[in-house]
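Asks:
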Amino acid sequence: MASVAISLPRRTEFKVSPVVSIAVVFTLVLGGLMLWRGNNIAYTGLVMYFTILGAVTVQILGGLFNLLGASVFVLMLQNVVISQTAKTLFGERGDVNLIHPITTMTVYCTGITGLFLGAVLFKALGLNKVRPIVAPLEDLGRLRILAIVLTVFAVVREVLLQRLGVFEGGGVFVGGVVGPLRQLGFLTTLGVAAGTAHVILASNGKRCIGPLNLIAMIPAIVSGILSATRQEMALTVITFFLTLIAFRFKLRVLHYAAIGLVTYAFFFILSPYALYARAEGGVRYGNIDERLQKSFLGLLDVVANPGKYQAKSETHNYNDPWEFHRLSYYGKPNPLLDRYSMIVVVDAIIDGVIVRGNTGMTTITPGFEMLVPRFLNPNKAPLGTANYVAARGRGTMTASDQYTQPTVGFFSDAFLSFGMMGVLTISFLIGFGFYTVYSILINPNLHRNIFAASLMFVTVWVFSEATIQAQILNVLWWPLLFLGSVLPLIIFANSVTRRHVDGRFVFERRSMSDSATVG
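In this note's numbering, the protein residues as written are 1 to 519.
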């Protein structure tokens, strides 16, 4: 009789990444504290499941310094981890102010399972190893050309949008020349990344700020102040810091002081200003000169009296109904934490679904309709579906609000559409599509990659906060727009650059031939 010999390895090594190890320890500590605070065992277990499986998904996708892994990580923070940690540290139960805490956490766990399964399939098919269409760019001449062209474009774009794209009675124009200009906002951050990379490489890591990137950051900051939009204000500054990380710029004491100052300014000056300016300040109304004046005076007053505006944002209006007070997850308004505690809004939407039922393809079809250019579909809706989704929850919006487009994410949108199976299926499809497309488009690893650095903030933000409609555009439309605009720029930069000069990597050791040179 023939025998079959099966040889087994003598030792099997299991590699657990630091990200997963830290996540497991953190989750066990958080879970223990939640139980000690009196949280329901099932609720605590669901929070722990979400956190650990999310960390595993981040690791599968390349870790925190990868466009894909960072997107899932921020989604975890904004939806569950920050809110449950803060609640626990405040000595409160996580289910306080939630109508359906178990169902809400089950939706989250189902959604993260879909993203995990998408990541497993993505890696099993080897899609994480494909060669990207747009490779990282490190040539000094081409970086300089890109930075100059994109900075000029950013300035011209902002002037045109403010002059032609804003309606004096409030709101913005859609279509025409301003529509495509709004969609090309990522070219502003690419200019910042290219300029910052050029400064770092050209100085061999001695400098990180120069005229190229300093001027490139101004248009988005001005736009954020004029429109009272916090994300727009932070857009180029965060891209600048991401590029420093990408090229391993060595931070010194002065840099850390600058980071602290910028962080303070954002949370205690610009953020209160944005909340005030778009409400009482009225900076979104009037012609450009009037809006400039309102913005300047409003910002000046916030700088002079930051405490007054901070107190405004944290003040209760006791005449508001219970539904509005319940959305203050921490008992009273806390603009910073409320911004990163989506769970209470998602819970309100889930309650609306339980009461009123599912809506099917109502919020999904608009995503595919948005793929059709406006000149082919003049009646295309100018706004997203976030208002429709949020309006399902009690207290999330006023009846007259048509423009806010609040943060709701795609988990709640999927539950609204098709219930729990919809959450699993749609999360899997969005996750797998997102991972695949952006791996083929660019190398999603941040290391020495201006394209990953320029896209990371906006892409992570959309993935974490946007509805299904926006996710469809994020996967099927924005990559084509990126290719259609960036590839011609790269070709142009190549054509006007006579010779190829790679900048030495900041911490790159001198080669043997260099060290052996005899003077």
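We put the beta carbon where it would ideally sit given N, CA and C, even for glycine.
Out of LEU481, VAL496 and ASN494, which has the shortest C-alpha to C-alpha gap to PHE186?
Replies: Cα-wise, what sits closest to PHE186 is LEU481.
Asks: Would you be able to state if there are at least three C-beta pairs under 8 Å between the region 51-66 and the region 107-116?
Replies: With a cut-off of 8 Å, the region 51-66 and the region 107-116 count as touching, because enough Cβ pairs lie within range.
Asks: Rounded to whole angstroms, what's the CA-CA distance from PRO272 to PHE296? Just pull it up for me.
Replies: For PRO272 and PHE296, the distance between alpha carbons rounds to 14 Å.
Asks: Once the 5 residues before and after ILE269 are set aside, which same chain residues still bring their CB inside 7 Å of it?
Replies: VAL302, VAL303 and PRO306
Asks: Which of the three DSSP states, helix, strand or coil, is assigned to ILE442?
Replies: strand
Asks: In chain order, what residues of the same chain lie with their CB nearer than 7 Å to the CB of ALA42, ignoring the 5 residues before and after it?
Replies: ILE102
Asks: If you run the structure through DSSP and keep just helix, strand and coil, what is ASN66?
Replies: strand
Asks: Using a Cβ-Cβ cut-off of 8 Å (strictly less than) and excluding sequence neighbours within five positions of VAL423, which residues of its own chain qualify?
Replies: VAL107, THR110, GLY111, GLY114, PHE411, ALA414 and PHE415
Asks: Quick test of your reading: LEU68 and ASP347, contact by CB under 8 Å. State the CB separation rounded to the nearest angstrom.
Replies: LEU68 to ASP347, Cβ: 28 Å. No contact.
Asks: Check for me: the alpha helix (DSSP H) holding GLU290 runs from which residue to which?
Replies: Taken as a continuous stretch (DSSP letters only), the alpha helix (DSSP H) holding GLU290 covers 288-304.
Asks: Please go through the region 411-468 and give each complete alpha helix (DSSP H) segment of 4 or more residues, from N-terminal end onward.
Replies: 450-465
Asks: Would you call the region 370-383 and the region 432-439 in contact, with 3 or more CB pairs under 8 Å?
Replies: Contact between the region 370-383 and the region 432-439 is absent, because fewer than three Cβ pairs lie under 8 Å.
Asks: Where PHE368 and ILE426 are concerned, what is the direct C-alpha to C-alpha distance, given to the nearest angstrom?
Replies: 14 Å
Asks: What runs of the alpha helix (DSSP H), each 4 residues or longer, lie entirely inside the region 218-279?
Replies: 230-246, 253-265 and 271-277
Asks: Measuring alpha carbon to alpha carbon, tell me which residue in ASN449, ILE442, ILE200 and GLU465 is nearest ARG131.
Replies: ILE442
Asks: Which residues in the same chain have their Cβ closer than 8 Å to the Cβ of PRO18, if we skip the five residues on either side of it in sequence?
Replies: none
Asks: Around the C-beta of TRP36, are 16 or more other C-beta atoms found within 10 angstroms, so that it is buried, or is it exposed?
Replies: exposed
Asks: Is ILE343 closer than 8 Å to ARG392 when the C-beta atoms are compared?
Replies: no
Asks: Would you mind working out which of VAL155, GLU290 and GLY191 sits nearest SER528, comparing C-alpha positions?
Replies: What the structure shows of the chain is the stretch from 1 to 519, and residue 528 is not part of that stretch, so it cannot be assessed.
Asks: Can you tell me the Cβ-Cβ gap for ASN494 and PRO136, rounded? I've got them flagged as a contact below 8 Å.
Replies: ASN494 to PRO136, Cβ: 15 Å. No contact.
Asks: Going by DSSP, name the residue or residues bridged to VAL134.
Replies: ILE442
Asks: By the 10 Å Cβ neighbour count, where 16 or more other Cβ atoms means buried, how is GLY357 classified, buried or exposed?
Replies: exposed
Asks: Exposed or buried, what is VAL74 when buried is set at 16 or more other beta-carbons lying within 10 Å of its beta-carbon?
Replies: buried
Asks: VAL183 lies in the alpha helix (DSSP H); which residues open and close that run?
Replies: The sequence given here has Gln at residue 183, not Val. Per DSSP, GLN183 belongs to the alpha helix (DSSP H) from 178-183.
Asks: DSSP three-state call for TYR49: helix, strand or coil?
Replies: helix
Asks: Can you tell me whether PRO444 is buried or exposed? The criterion is at least 16 other CB atoms within 10 Å of its CB, across all chains shown.
Replies: buried
Asks: Please classify LYS250: is it buried, with 16 or more other beta-carbons within 10 angstroms of its beta-carbon, or exposed?
Replies: By the 10 Å Cβ count, LYS250 comes out exposed.
Asks: Have a look at GLY195 and ARG394 and give me their C-alpha separation to the nearest angstrom.
Replies: Going from the Cα of GLY195 to the Cα of ARG394 covers about 46 Å.
Asks: Alpha carbon to alpha carbon, how far is LEU553 from VAL237?
Replies: Beyond the ends of the chain as shown, which are 1 and 519, falls residue 553; an answer cannot be given.
Asks: Look at the alpha carbon of VAL81 and the alpha carbon of ILE22, and state the distance between them as a whole number of angstroms.
Replies: If I take the Cα positions, the gap works out to 14 Å.
Asks: Would you give the residue range spanned by the alpha helix (DSSP H) that CYS520 belongs to?
Replies: Since the first and last residues shown for the chain are 1 and 519, residue 520 lies out of range.
Asks: Could you tell me which of LEU275, ARG284, ALA220 and GLN471 sits nearest to LEU336, measuring between CA atoms?
Replies: LEU275
Asks: Throw me the rounded Cβ distance for the ALA453 and THR243 pair, which I believe falls under 8 Å.
Replies: 5 Å
Asks: By DSSP, does ARG394 sit in helix, in strand, or in coil?
Replies: coil
Asks: On the CB-based measure, 16 or more other CB atoms within 10 Å of its CB, does ARG284 come out buried or exposed?
Replies: buried
Asks: Look at the alpha carbon of THR385 and the alpha carbon of SER464, and state the distance between them as a whole number of angstroms.
Replies: Those two C-alpha atoms are separated by around 15 Å.
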